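Here the sequence shown is numbered in my numbering, starting from 7 and rising by one per residue.
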Amino acid sequence: MAKVLVSSCLLGCKVRYDGNNLEVNTSEFDEFIESNDIISFCPEVAGGLPIPRIPAEICGGTGNDVLDGSAKILGKDGSDVTKAFLNGAELTLKMCLDNDVEYAVLTESSPSCGSSSIYNGKFEGVKVSGKGVTCTLLENHGIKVTSQHQLARLKI
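And the structure:
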């Protein structure tokens, strides 16, 4: 049984920006959850963001650009929430390292958790290729990350 970090919203916790969850109702996901040691975590809430909260997107790049300081994460209202997202990413990494977590299933398209797509930073509902800040930080430290849609990629 592998230890796997899973985004809390995928497990039914109402922690998303809109106060809802994003449950995955597939037998593949259910079997995955049952056959692994799951640790539920939400980087955005851990980073200090409230529920609900203003929608946020990475503006000017991807998670890697946020980590190197060349992009920001802004709320739809123009507020700069970069610091909270970075704090959440660091806390997620710490939790993974402290618990010997090698794998993570994170919510696709999130500015924190996206593993192959994020929104374009213009609040148009348009997705682009890229990774969120938490996903990037975890991968930079050797943790294998995928989304709820691509569980088979983990090969646990």
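Here a beta-carbon is modelled for each residue, glycine too, at the ideal position from N, C-alpha and C. For clarity, every value in this text was computed on a predicted model and none was experimentally measured.
Query raised in the report: With 16 as the cutoff for other CB atoms within 10 Å, does S116 come out buried or exposed?
Result: The count along the sequence shown starts at 1 and reaches residue 116 at position 110. Per the 10 Å Cβ criterion, buried.
Query - Other residues of its chain near L97: CB distance less than 6 Å, five sequence neighbours each side excluded - result: The residue you call residue 97 lines up with position 91 of the sequence shown. Within the same chain, L97 has close Cβ partners A52.
Query - Cβ neighbours of I44 in the same chain (closer than 6 Å, five flanking residues each side left out) - result: Locating residue 44 in the sequence shown gives position 38, where the first residue counts as 1. Spatial neighbours of I44 in its own chain (CB-CB distance under 6 Å, excluding positions within 5 residues in sequence) are listed in chain order as V10, V12.
Query - F38 versus Q156: straight-line alpha-carbon distance, rounded - result: Position 32 of the sequence shown, counting from 1, holds the residue named residue 38. Position 150 of the sequence shown, counting from 1, holds the residue named residue 156. Approximately 11 Å, taken between the alpha carbons.
Query raised in the report: Going along the chain, which residues of its own chain have a beta-carbon closer than 7 Å to the beta-carbon of R59, five neighbours each way excluded?
Result: Mapped onto the sequence shown, residue 59 falls at position 53. Taken in chain order, the residues that qualify are Y23.
Query - Closest Cα partner of T113 within the set V151, A8, N126 - result: For the purposes of this step, residue 113 is taken as residue 107 along the sequence shown, with counting starting at 1. Closest by alpha carbon: V151.
Report task. Could you check if V132 is buried or exposed, using at least 16 other CB atoms within 10 Å of its CB as the buried criterion? Result -> As a position in the sequence shown, residue 132 is number 126, starting the count at 1. V132 is exposed by the Cβ-count criterion.
Query raised in the report: Cβ of S121 within 8 Å of Cβ of S76?
Result: Here residue 121 refers to the residue found at position 115 of the sequence shown. Here residue 76 refers to the residue found at position 70 of the sequence shown. Not in contact: S121 and S76 (Cβ atoms no closer than 8 Å).
Query raised in the report: chain B beta carbons: is any one of them nearer than 8 Å to that of T152?
Result: Here chain B cannot be found, since the structure has a single protein chain.
**Report entry** Assumed close pair I79, T88 - CB separation to whole angstroms, cut-off 8 Å
**Finding:** Stepping through the sequence shown from its first residue, residue 79 is reached at position 73. Stepping through the sequence shown from its first residue, residue 88 is reached at position 82. Right, their Cβ atoms sit about 5 Å apart.
**Report entry** Selected residue, minimal CA-CA separation from S33, among L103, K137, S41
**Finding:** Within the sequence shown, the letter at position 27 stands for residue 33. Ranking L103, K137, S41 by Cα distance to S33 puts S41 first.
Query raised in the report: Any idea which residues DSSP pairs Y109 with across the strands?
Result: The sequence position of residue 109 within the sequence shown is 103, counting from 1. Beta-bridge pairing links Y109 to V10, K150.
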